[in-house]
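A.B. asks: Residue numbers (my numbering): 32 to 109. Beta carbons: idealized from backbone N, C-alpha and C, even for Gly.
1) Can you check whether the CB of residue 85 is closer than 9 angstroms to the CB of residue 44?
2) Out of 77, 69, 50 and 60, which one is the CA nearest neighbour of residue 103?
3) Assign residue 77 to one of three DSSP states: helix, strand, or coil.
4) Per DSSP, what are the beta-bridge partners of residue 44 in this structure?
5) To the nearest angstrom, report how far apart residue 77 and residue 69 are at their CA atoms.
6) With a threshold of 16 other CB atoms inside 10 Å of the CB of residue 99, please say whether the residue is buried or exposed.
7) For the candidate residues 92, 108 and 96, whose alpha-carbon lies nearest to that of residue 53?
Listed below in structure tokens is the structure:
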């Protein structure tokens, strides 16, 4: 997967969010080895759990939200 960081909007996402931005985040979580459950654009319990595990492993703020710091870490290798 190759993503151009400049082409991806980075809204803050949290549980309950839906849409393409969530789907993008889920795909990135999966690419990093953190299964968010189905890549369906719905930020549910599995996406929250994957986000928390990723944030802890990346040594960034662990808050369950996909904000600027988490987006940066997710996009770091793509």
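C.D. replies: Per the coordinate set shown:
1) Translated into positions along the chain shown, residue 44 becomes position 13. Translated into positions along the chain shown, residue 85 becomes position 54. The criterion of a C-beta distance shorter than 9 angstroms is not satisfied by residue 44 and residue 85.
2) Indexing the chain shown from 1 puts residue 103 at position 72. The candidate whose alpha carbon is nearest that of residue 103 is 60.
3) Position 46 of the chain shown, counted from the first residue, corresponds to residue 77. Three-state result, residue 77: helix.
4) As a first step, residue 44 is located in the chain shown; it is residue number 13 there, counting from the start. According to DSSP, residue pairing for residue 44 in a beta bridge involves 97.
5) As a first step, residue 77 is located in the chain shown; it is residue number 46 there, counting from the start. As a first step, residue 69 is located in the chain shown; it is residue number 38 there, counting from the start. Going from the Cα of residue 77 to the Cα of residue 69 covers about 9 angstroms.
6) Counting from one through the chain shown, the residue named residue 99 turns up at place 68. By the neighbour-count criterion, in which a residue is buried when 16 or more other Cβ atoms sit within 10 angstroms of its Cβ, residue 99 is exposed.
7) By one-based count along the chain shown, residue 53 stands at place 22. Ranking the options by Cα distance to residue 53, first place goes to 96.
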